[in-house]
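Numbering (our numbering), first residue to last: 13 to 305.
Every residue gets a Cβ at the ideal spot worked out from N, C-alpha and C, and that includes glycine.
Here's the structure we're looking at; comments come further down.
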Amino acid sequence: MKHIHFIVNPVSGSGNQPINQKFLKKFFDEENYVVIIKKSDYKKHAKILTKSSIAEGAHIIVACGGDGTINEVASCLVNTNIVLGIIPLGSGNGLASNLKIPKDIERATALIKTASVKKIDVGCVNEHYFFSNTGIGIDAQVIRHYENSNERKLISYLKSSLKALRCFKYKNKITVEVNGHTIQTYPFLVFVSNSNEMGYKISLTPMASLQDGLLDILIVSKMSRLKSPYFGLLILLKKPHLIKEAKCYQSKKVIIRQTNQSAYETQIDGEFFNIDGEAINISLLEKSLQVIF
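In structure tokens, the structure reads:
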């Protein structure tokens with residue numbers, strides 16, 4: 013008997029999803045599968061539920077939600093033999109899109125039964141795991157405004173982007189250490205990515221791969237406000253590296269330090285975080301998560 017646990021965020025996306033025992037019986041017969049459904053009710057609850065599922069002997073744990081829910085579930089499965097499944101219910105669904113997991117719930121559920129298990133790389137920023145990307149600068153501020161909005165739609169993301177641009181200030185000089193280089197800058201963006209998509213088909217690192225053993229790093233230094241719309245256009249064209257303020261690297265490790273000792277305002281897989289500490293240490297764990305796709 014294969015034990016499959018579904019961790020469902022009931023408010024992801026539209027909040028209208030059919031994942032219940034009746035729906036899942038169409039895919040998983042009772043003779044061969046034990047199916048458990050758990051619903052997360054608050055931020056970090058999915059982690060608690062996943063840890064209990066591990067203790068209960070689950071073979072596959074399926075994250076049903078957006079990138080935040082997937083991050084919480086997957087973070088508990090790094091370097092284990094337990095397999096991650098994904099049913100994308102969120103608004104952006106960056107990781108699921110990168111893995112070519114369909115947004116259609118029935119097709120995504122069928123994959124849990126039929127698709128193969130593959131290993132992907134995992135990023136680590138201090139004590140936090142990330143599977144898609146992390147960053148400081150404008151992307152973190154966009155996420156901060158997005159989380160404070162009441163909508164989880166593309167239009168809300170665009171509004172949050174405009175608000176972040178209006179309020180953005182180059183208040184802190186940073187040092188980035190990568191591949192033996194030391195870059196000092198007032199950053200518009202320092203973006204470290206494990207995958208080639210952020211969500212909504214938007215990409216800052218179109219050549220990144222979840223299985224190449226490398227992180228893709230985009231550093232964009234201070235630019236004029238008049239130039240930011242041009243940079244936005246380059247992002248839509250998947251060519252952000254063409255702006256002269258941008259530098260691109262690939263590495264297994266990145267260290268970021270800032271001149272003052274305040275907390276680092278970051279985003280990790282589309283969730284806003286304040287990280288305390290002298291530095292942000294970002295590294296890669298190769299082939300350390302088993303995923304169905």
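The Cβ-Cβ distance between Leu230 and Phe203 falls below 8 Å. The region 119-128 and the region 137-145 do not touch, with fewer than three beta-carbon pairs separated by less than 8 Å. Counting only runs that start and end inside the region 208-281, the alpha helix (DSSP H) elements of at least 4 residues fall at 240-248.
Separation of the CB atoms of Gln279 and Ile155 is rounded to 4 Å, and the pair is thereby assigned contact status at 8 Å. By alpha-carbon distance to Ser236, the top candidate from Gly147, Tyr182, Ile19, Gly106 is Tyr182. In the displayed model, Lys183 falls within coil according to three-state DSSP, outside both helix and strand. Distance between Asp228 and Gly289, taken at the CA atoms: about 23 Å.
Close CB contacts of Asp151 within its chain, under the 7 Å cut and outside five residues either way in sequence, are with Leu201, Phe203, Gln279 (chain order). Straight-line spacing of the CA atoms in Glu68 and His193 works out to 47 Å. According to DSSP, residue pairing for Tyr141 in a beta bridge involves Cys136. Residue range 72-77 is occupied by the beta strand (DSSP E) that includes Ala75. Judged by their CB atoms, Lys264 and Ile195 are not nearer to each other than the 8 Å cut-off. In this structure, Gln29 and Ile113 do not form a Cβ contact; the two beta carbons are roughly 15 Å apart against a cut-off of 8 Å.
Glu189 is bridged by DSSP to Thr194, Ile267. Bridge pairing for Ser295: Cys136, Lys265 [DSSP]. Minimum Cα-Cα distance from Ile16 among the listed residues Val23, Ile60, Ile287, Val46 corresponds to Val46. Residue pairing by DSSP puts Tyr45 in a beta bridge opposite Lys14. In this structure, Ala86 lies near Leu96, with their beta-carbon atoms less than 8 Å apart. Contact annotation: Leu226 and Leu296 have beta-carbon atoms nearer than 8 Å. In terms of CA proximity to Glu283, Tyr158 leads the group Tyr158, Lys130, Pro22, Ile99.
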